[in-house]
Amino acid sequence: MEEEELSEEEHLRQEEEEEEEEEALSEQEEEEQVREALVPCPLTEEMLKEGLSLLCKTSNGLAHAYVKFEAKYKDLTDISLLECFIHLRYVDLSENKLQDLSPLSSLTHLLWLKVDGNLLTSARMQELPYLQIISFAHNHIKDMEGITHPCLANLSLKGNKIRTALGLSQALFSLHNLELRGNKLESTAGFNLPKLKNLYLVRDQLAWEMGVRCRKAWQIQAVGGRETLSPSKQHNLHASPFSSVFAA
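Using the numbering used here, you'd call the opening residue of the sequence shown number 64 and step up by one each time.
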């Protein structure tokens with residue numbers, strides 16, 4: 064009887080692995096088709112003029128420069144022109160077709176970045192010393208490697224294809240809020256974020272089996288009518304450094 068149960072479990076596990084492989088292959092083919100179908104659309108000087116705003120003093124106080132740029136729904140595939148705008152602090156490039164953010168490496172004064180709804184497969188960027196808020200929501204990102212900005216406090220990776228927390232930099236000493244809903248996380252192994260306060264996950268068993276050591280007991284607060292986890296339900300949960308873990 065035990066052998067039959069074991070055999071059935073192995074069979075189910077094998078089926079799950081095959082389904083995952085097929086899904087990964089399908090996603091890869093879909094991404095390749097999207098890349099092949101892309102029509103080059105670089106950022107132009109006219110778009111720059113339309114998107115620049117918020118004239119402020121530069122960091123040395125000796126001149127003025129635009130510090131905000133927005134270019135949404137432009138089908139952009141290339142933002143190389145932004146390399147010269149080193150004083151930018153707030154950049155919104157949502158709903159384009161970007162696959163590469165390397166031109167932003169020179170924006171060392173950047174504080175806030177939003178690149179939702181693009182074609183990014185990686186969140187890796189050159190370390191930016193003052194960057195505090197990033198949103199990579201609804202891209203095609205598969206891991207959390209290469210996010211090393213020392214002042215980063217809020218990070219959204221909502222609606223991507225992330226399966227593991229491995230690779231998330233332990234150097235994110237300032238990270239307070241991490242949004243991971245709408246991904247494919249199978250484990251939270253790899254989390255080691257001492258300042259993290261709010262972690263947003265999907266409402267499934269993953270939200271309840273966080274494999275991390277912590278200083279405080281779990282406290283899942285109500286959000287938009289969702290229930291609060293009472294102390295009586297906490298006895299079987301690992302301790303957690305997060306003051307709140309929100310389950311969608």
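Built from N, CA and C at the ideal position, the CB exists for glycine as well. Model, not experiment: these values are computed from the prediction.
{"Check": "Cβ shell of S143 (< 6 Å), same chain only, five flanking positions each side left out", "Outcome": "P166"}
{"Check": "Pair within 9 Å by beta-carbon distance, K131 and L156", "Outcome": "no"}
{"Check": "Same chain, Cβ closer than 6 Å to T40, neighbours up to 5 away in sequence not counted", "Outcome": "The requested residue 40 is not part of the displayed model; the chain covers only 64 to 311."}
{"Check": "Proximity test, S165 beta-carbon vs the ligand SAH heavy atom, cut-off 8 Å", "Outcome": "Among the components of this structure there are no ligands whatsoever, and the ligand SAH is therefore not found."}
{"Check": "Exposure of S219, with buried meaning 16 or more beta-carbon neighbours within 10 Å", "Outcome": "buried"}
{"Check": "Coil, strand or helix - G274 by DSSP", "Outcome": "With a pLDDT of only 46 at G274, under the threshold of 50, the placement of this residue in the model should not be trusted; the figure read from the coordinates follows. The answer is coil: DSSP assigns G274 none of H, G, I, E or B."}
{"Check": "Among R152, N123 and K224, the one whose alpha carbon lies nearest that of F199", "Outcome": "K224"}
{"Check": "Secondary structure of P128, DSSP reduced to three states", "Outcome": "The sequence as given places Ala at residue 128; Pro does not occur at that position. Looking at A128 - three-state DSSP - the assignment turns out to be strand."}
{"Check": "Bounding residues of the alpha helix (DSSP H) (the contiguous stretch that carries K112)", "Outcome": "E108 to G114"}
{"Check": "Reduced DSSP category for E73 - H, G, I as helix; E, B as strand; rest coil", "Outcome": "helix"}
{"Check": "In DSSP terms, what P105 is bridged to", "Outcome": "D141"}
{"Check": "Cutoff 7 Å; reference R187; Cβ partners in own chain excluding five residues on either side", "Outcome": "E208 and G209"}
{"Check": "Per DSSP, the bridge partner or partners of I196", "Outcome": "W175 and N217"}
{"Check": "Secondary structure of A285, DSSP reduced to three states", "Outcome": "Interpretation of A285 is limited by its pLDDT of 32, a score under 50 that renders its predicted location unreliable; no figure is taken from the coordinates."}
{"Check": "Local conformation of E249 per DSSP, three classes", "Outcome": "coil"}
{"Check": "DSSP-derived helix/strand/coil call for L243", "Outcome": "coil"}
{"Check": "Neighbour-count burial assignment, D138, 16 or more Cβ in a 10 Å radius", "Outcome": "exposed"}
{"Check": "Cβ shell of D141 (< 6 Å), same chain only, five flanking positions each side left out", "Outcome": "P105"}
{"Check": "Alpha carbon of N332 to alpha carbon of A100, nearest angstrom", "Outcome": "Absent from the structure is residue 332, since the part of the chain shown begins at 64 and ends at 311."}
{"Check": "Residues near L256 in its chain [Cβ-Cβ closer than 8 Å; skip 5 each side]", "Outcome": "L231, Q233, L235, L238, L241 and P304"}
{"Check": "G124, buried or exposed, once every other Cβ within 10 Å from all chains shown has been counted against 16", "Outcome": "exposed"}
{"Check": "Buried or exposed (CB count within 10 angstroms, at least 16 for buried), A228", "Outcome": "buried"}
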